[in-house]
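Reading through the structure tokens given below for one structure.
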Amino acid sequence: MSRQPEGPPPPPVVQRMRVRYTKRGRLRFTSHRDFARAFERAIHRAGVPIAFSAGFSPHPKVSYAGAAPTGVASEAEYLEIGLAETRTPESVRDDLDAALPPGLDVVEVVEVVPGGPSLADHIEASWWRIVLPGVDQAAAETAFAAFMAQDSIVVDRPTKDGVKPVDARASVVSGGVVAAASGAGEPGCATLDVVVRHAIPAVRPDDVMTALRRAAGLSTPVTPVVTRLAQGLLDAAPPLDGRRLIDPLK
Amino acid sequence: MSGESVFDRLEPLLPGVRKPVQYVGGELHAVVKEWDCADVRWALMYPDAYEVGLPNQGVQILYELLNEREGVLAERTYSVWPDLEAAMREHGIPQFTVDAHRPVGDFDLLGVSFSTELGYTNLLTALDLAGIPISAVDRGLDDPVVVAGGHAAFNPEPVAEFIDAAVLGDGEQAVLAITELVRAWKADGRPDGREGLLLRLATSGVAYIPAFYDVTYLPDGRIQRVVPNRPGVPWRVAKHTVMDLDEWPYPKAPLVPLAETVHERYSVEIFRGCTRGCRFCQAGMITRPVRERSITTIGEMVQRGVAATGFEEVGLLSLSSADHSEIAAVAKGLADVYEGTNVSLSLPSTRVDAFNVTLANELSRNGRRTGLTFAPEGGSERMRKVINKMVTEEDLIRTVATAYGNGWRAVKLYFMCGLPTETDEDVVAIAGMAHRVIETGRAAAGRKDLRCTISIGGFVPKPHTPFQWAAQLDHESVDRRLAALKAEVVKDKQFGRSIGLRYHDGRPSIIEGMLSRGDRRVSAVIRRVWEAGARFDGWSEYFSYDAWVAAATGAFDGTPVSLDWYTTRERDLTEVLPWDHLDSGLDKEWLWQDWQDAISGGEVEDCRWSPCYDCGVCPGMGTENQVGPTGRTVLPLSPV
Numbered sequence: 397m398s399r400q401p402e403g404p405p406p407p408p409v410v411q412r413m414r415v416r417y418t419k420r421g422r423l424r425f426t427s428h429r430d431f432a433r434a435f436e437r438a439i440h441r442a443g444v445p446i447a448f449s450a451g452f453s454p455h456p457k458v459s460y461a462g463a464a465p466t467g468v469a470s471e472a473e474y475l476e477i478g479l480a481e482t483r484t485p486e487s488v489r490d491d492l493d494a495a496l497p498p499g500l501d502v503v504e505v506v507e508v509v510p511g512g513p514s515l516a517d518h519i520e521a522s523w524w525r526i527v528l529p530g531v532d533q534a535a536a537e538t539a540f541a542a543f544m545a546q547d548s549i550v551v552d553r554p555t556k557d558g559v560k561p562v563d564a565r566a567s568v569v570s571g572g573v574v575a576a577a578s579g580a581g582e583p584g585c586a587t588l589d590v591v592v593r594h595a596i597p598a599v600r601p602d603d604v605m606t607a608l609r610r611a612a613g614l615s616t617p618v619t620p621v622v623t624r625l626a627q628g629l630l631d632a633a634p635p636l637d638g639r640r641l642i643d644p645l646k
Numbered sequence: 006m007s008g009e010s011v012f013d014r015l016e017p018l019l020p021g022v023r024k025p026v027q028y029v030g031g032e033l034h035a036v037v038k039e040w041d042c043a044d045v046r047w048a049l050m051y052p053d054a055y056e057v058g059l060p061n062q063g064v065q066i067l068y069e070l071l072n073e074r075e076g077v078l079a080e081r082t083y084s085v086w087p088d089l090e091a092a093m094r095e096h097g098i099p100q101f102t103v104d105a106h107r108p109v110g111d112f113d114l115l116g117v118s119f120s121t122e123l124g125y126t127n128l129l130t131a132l133d134l135a136g137i138p139i140s141a142v143d144r145g146l147d148d149p150v151v152v153a154g155g156h157a158a159f160n161p162e163p164v165a166e167f168i169d170a171a172v173l174g175d176g177e178q179a180v181l182a183i184t185e186l187v188r189a190w191k192a193d194g195r196p197d198g199r200e201g202l203l204l205r206l207a208t209s210g211v212a213y214i215p216a217f218y219d220v221t222y223l224p225d226g227r228i229q230r231v232v233p234n235r236p237g238v239p240w241r242v243a244k245h246t247v248m249d250l251d252e253w254p255y256p257k258a259p260l261v262p263l264a265e266t267v268h269e270r271y272s273v274e275i276f277r278g279c280t281r282g283c284r285f286c287q288a289g290m291i292t293r294p295v296r297e298r299s300i301t302t303i304g305e306m307v308q309r310g311v312a313a314t315g316f317e318e319v320g321l322l323s324l325s326s327a328d329h330s331e332i333a334a335v336a337k338g339l340a341d342v343y344e345g346t347n348v349s350l351s352l353p354s355t356r357v358d359a360f361n362v363t364l365a366n367e368l369s370r371n372g373r374r375t376g377l378t379f380a381p382e383g384g385s386e387r388m389r390k391v392i393n394k395m396v397t398e399e400d401l402i403r404t405v406a407t408a409y410g411n412g413w414r415a416v417k418l419y420f421m422c423g424l425p426t427e428t429d430e431d432v433v434a435i436a437g438m439a440h441r442v443i444e445t446g447r448a449a450a451g452r453k454d455l456r457c458t459i460s461i462g463g464f465v466p467k468p469h470t471p472f473q474w475a476a477q478l479d480h481e482s483v484d485r486r487l488a489a490l491k492a493e494v495v496k497d498k499q500f501g502r503s504i505g506l507r508y509h510d511g512r513p514s515i516i517e518g519m520l521s522r523g524d525r526r527v528s529a530v531i532r533r534v535w536e537a538g539a540r541f542d543g544w545s546e547y548f549s550y551d552a553w554v555a556a557a558t559g560a561f562d563g564t565p566v567s568l569d570w571y572t573t574r575e576r577d578l579t580e581v582l583p584w585d586h587l588d589s590g591l592d593k594e595w596l597w598q599d600w601q602d603a604i605s606g607g608e609v610e611d612c613r614w615s616p617c618y619d620c621g622v623c624p625g626m627g628t629e630n631q632v633g634p635t636g637r638t639v640l641p642l643s644p645v
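Residue numbers (my numbering), protein chains in the order written: chain A, 397 to 646; chain B, 6 to 645.
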């Protein structure tokens with residue numbers, strides 16, 4: 397005797413939206429699980445007509461593209477939702493943003509054209525900005541040049557099950573120290589940009605920092621603050637300065 | 006400047022600690038007020054980790070109602086885990102609130118809610134990190150007044166050294182009264198300093214000030230007398246009772262955390278108090294009389310609360326939720342409102358009663374029928390008479406048969422081990438009961454894949470209950486009885502595999518026992534064990550029995566008292582109990598008579614449905630049971 401869920405099957409998905417959201421300020425310490433819970437509650441508070449999966453424990457139709465690590469801020473996180481009724485992207489953006497706490501901000505929503513590439517197909521790399529308090533610009537430049545001069549730098553990443561070796565260099569496409577004149581840097585606080593191709597295992601900004609400390613002798617007196625500025629496809633059009641990523645929602 | 010945020014200094018430490026989100030605040034419905042807009046400022050603490058403390062109903066109620074007042078500011082603080090504690094000590098960061106990350110030492114008051122005695126060492130950590138002297142006697146004019154509340158505050162003597170005040174009973178009106186007294190004292194220019202404020206609190210009757218009572222002891226270790234040592238300080242301090250729950254519909258918009266917590270739901274207290282008269286139950290004794298929230302207020306609170314939070318679960322809380330006079334209408338009304346939505350309803354704390362299965366069926370319209378929980382508490386009929394849990398084995402079997410027959414697949418049964426007069430046979434009898442449960446369940450459900458989980462905890466005698474005089478069972482005997490029960494459960498091959506047994510070793514209960522019925526001499530133990538590193542004693546991975554035993558041995562050396570003296574020793578009627586000057590309304594003569602009745606197996610009916618048996622609370626406190634029915638229904642605020 398197999399049990400059947402009671403009641404009629406849930407209404408189907410009639411519209412899909414892709415969402416760019418942020419993790420700013422102190423809310424960068426939310427883990428992905430924390431965000432997912434907060435987002436699903438925000439959907440309910442906002443009254444967005446989310447579709448549910450069928451079965452004994454229906455789940456809201458939300459799929460997340462790879463999330464930034466806990467503690468890393470982001471201007472460019474992505475997810476996709478399925479709706480049971482149609483809405484305009486603007487109303488979904490405004491309603492969700494109003495229902496989320498400040499710092500978790502919904503900044504852009506677009507409707508998905510059926511039949512096109514998946515969200516994951518639009519994302520192959522991340523642009524990370526690493527602010528290094530207590531590090532002057534010249535030291536950061538020297539260390540980053542030494543880092544880029546090598547083909548491979550394997551670092552040990554601590555995990556729950558012990559340390560895991562990760563090649564922190566191979567996935568780094570490009571990068572550089574942001575010129576102080578651009579306004580990003582201030583004396584004794586260098587700003588480093590790196591573009592990292594998504595791979596398995598994923599290379600995180602802290603792996604890059606470990607490699608800079610170990611292989612290139614950089615010393616960071618204060619914990620760096622990292623922000624993901626963008627995700628997308630690498631722009632192959634020459635010249636490849638690597639900092640330009642193609643917006644996945646365009 | 007006072008009240009300045011420490012977040013800039015805290016932030017660089019957060020990437021290095023576990024679950025940093027618990028320290029950043031920013032929850033939905035959190036309130037951050039300007040420091041200078043308030044003249045009375047409360048820091049509210051739940052002395053456990055954020056994941057346990059955040060959902061605490063008491064703290065959320067007080068937080069919301071204090072912040073609703075002009076000129077009052079309330080922020081929350083929780084225990085930090087040892088990884089952050091070490092980093093804070095290294096960098097000189099004080100205990101902070103999660104709302105605006107203000108130093109706890111800058112507030113006027115630090116309110117601490119103790120629902121369990123095992124949070125005492127965490128209070129000491131917080132005080133120390135805050136830079137507040139650990140002993141109340143060392144505090145100065147600008148240190149916060151440390152106020153204890155919660156059920157454990159009905160015997161705050163073990164923490165008397167560390168707190169300035171304790172509030173007994175319902176906190177809603179009491180915190181507002183304290184706020185006004187503090188405001189007036191500050192406006193008057195803080196006359197007579199800290200002592201002046203504490204004297205105002207004491208003489209108004211709003212709070213118990215331990216320092217204003219002298220305790221003397223007999224040569225054998227028992228208390229001789231407890232005497233006020235200031236003029237105008239009452240001999241006994243009475244508990245507070247909120248008499249109209251509909252006037253206090255809190256929490257209205259509870260905090261919705263980003264971090265995962267132990268309860269992820271909107272909870273509404275459907276009534277307060279319980280007169281079932283279970284003799285082991287401190288909560289049921291100290292919260293009398295029964296005060297129901299009306300069905301219409303419950304309906305409004307649930308609908309507003311769900312809309313405000315987005316929670317998918319609603320908990321209808323009380324000490325015995327199915328006893329609300331209109332629970333059937335509440336359950337049906339809410340089930341109607343939320344039919345077909347993602348919102349599920351739950352009814353914790355249900356008695357063994359087939360009616361409760363009907364209720365659970367109603368509430369589970371949207372969800373799966375997974376597990377139901379009942380609390381027979383005692384394994385044998387005799388034992389249940391002793392504890393006044395009037396449930397026969399036939400009641401239980403009929404109830405679980407109904408549950409399994411209605412499609413519920415698992416039943417959890419709560420029991421206690423170590424109850425007064427208990428024998429090995431009383432505990433082993435639980436196995437036979439569980440076997441019958443499975444056997445009956447299989448017949449009723451027509452299937453074999455059913456589960457019955459027995460969850461069993463060590464009994465700790467509590468103040469203000471008929472068992473306050475009882476000897477606590479030593480932990481070796483508890484462990485022996487539980488081992489015998491386990492052997493008996495698995496012995497039966499036919500049913501044993503369908504029965505799970507959950508229990509903990511008996512040692513933490515002994516420490517809880519000392520902290521529950523201790524007096525002021527226990528403060529020295531708490532201080533010693535904390536200095537030796539005790540933290541988070543409610544967590545088995547942190548709790549160290551050996552450390553507590555060593556601290557007790559050291560602190561009691563050369564005195565007539567000991568860990569055993571506080572726990573496994575039976576008291577007699579003439580002994581002055583450490584909490585006798587704290588008035589829960591219960592008449593001591595009645596408690597003693599009920600204790601005698603327990604030993605002889607005499608039962609007491611619920612006074613909601615049978616004549617008053619003179620427990621003393623209503624006449625003593627000027628209160629009475631407030632129960633429906635009102636005949637009204639849950640009305641939806643808007644079509645869902």
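By construction, the Cβ of each residue, glycine as well, lies at the ideal position given by its N, Cα and C atoms.
Out of curiosity, what's the CA-to-CA distance linking residue i and residue j?
| i | j | result |
| --- | --- | --- |
| Pro-407(A) | Gly-443(A) | 16 Å |
| Ala-408(B) | Asp-358(B) | 10 Å |
| Val-645(B) | Arg-309(B) | With a pLDDT of only 44 at Val-645(B), under the threshold of 50, the placement of this residue in the model should not be trusted; the figure read from the coordinates follows. Their backbone Cα atoms lie some 12 Å apart in a straight line. |
| Gly-530(A) | Ser-615(A) | 9 Å |
| Ile-228(B) | Glu-580(B) | 7 Å |
| Glu-39(B) | Val-311(B) | 29 Å |
| Pro-138(B) | Leu-146(B) | 12 Å |
| Thr-126(B) | Phe-541(B) | 7 Å |
| Ala-48(B) | Ala-158(B) | 18 Å |
Cβ of residue i less than 9 Å from any chain A Cβ?
| i | result |
| --- | --- |
| Ala-336(B) | no |
| Glu-318(B) | no |
| Leu-263(B) | yes |
| Leu-18(B) | yes |
| Asn-72(B) | no |
| Glu-269(B) | yes |
| Val-29(B) | yes |
| Pro-25(B) | yes |
| Glu-9(B) | no |
Consider the Cβ of residue i: report whether some Cβ of chain B lies at a distance smaller than 9 Å.
| i | result |
| --- | --- |
| Glu-481(A) | no |
| Ser-427(A) | yes |
| Val-559(A) | no |
| Arg-624(A) | no |
Since I believe residue j is in contact with residue i (beta carbons under 8 Å), could you give me their beta-carbon distance rounded to a whole number of angstroms?
| i | j | result |
| --- | --- | --- |
| Gly-383(B) | Phe-420(B) | 7 Å |
| Thr-635(B) | Ser-299(B) | 6 Å |
| Ala-521(A) | Leu-479(A) | Not confirmed; about 29 Å, so no contact. |
| His-469(B) | Gln-631(B) | His-469(B) to Gln-631(B), Cβ: 21 Å. No contact. |
Do residue j and residue i come within 9 Å of each other at the CB atom, strictly closer than that value?
| i | j | result |
| --- | --- | --- |
| Ala-603(B) | Ile-392(B) | yes |
| Gly-376(B) | Val-432(B) | no |
| Ser-521(B) | Asn-160(B) | yes |
| Pro-652(A) | Val-591(A) | Because chain A here runs from 397 to 646, residue 652(A) falls outside it and cannot be looked at. |
| Asp-251(B) | Val-232(B) | no |
| Gly-282(B) | Thr-292(B) | no |
Touch check for the stretch 556-575 of chain B and the stretch 585-599 of chain B: three-plus C-beta pairs under 8 Å? no
request  = Evaluate contact between the stretch 60-72 of chain B and the stretch 123-140 of chain B, counting only Cβ atoms and requiring at least three cross-stretch pairs below 8 Å.
outcome  = no
Checklist entry - Can you find at least 3 beta carbon pairs, one from the stretch 477-486 of chain B and one from the stretch 393-402 of chain B, that sit closer than 8 Å? => result Short answer: they don't touch.
Touching by the beta-carbon criterion (3+ pairs, under 8 Å), the stretch 417-428 of chain A and the stretch 485-502 of chain A
Verdict: yes, contact present.
The stretch 600-620 of chain B / the stretch 541-560 of chain B touching (three or more Cβ pairs under 8 Å):
no
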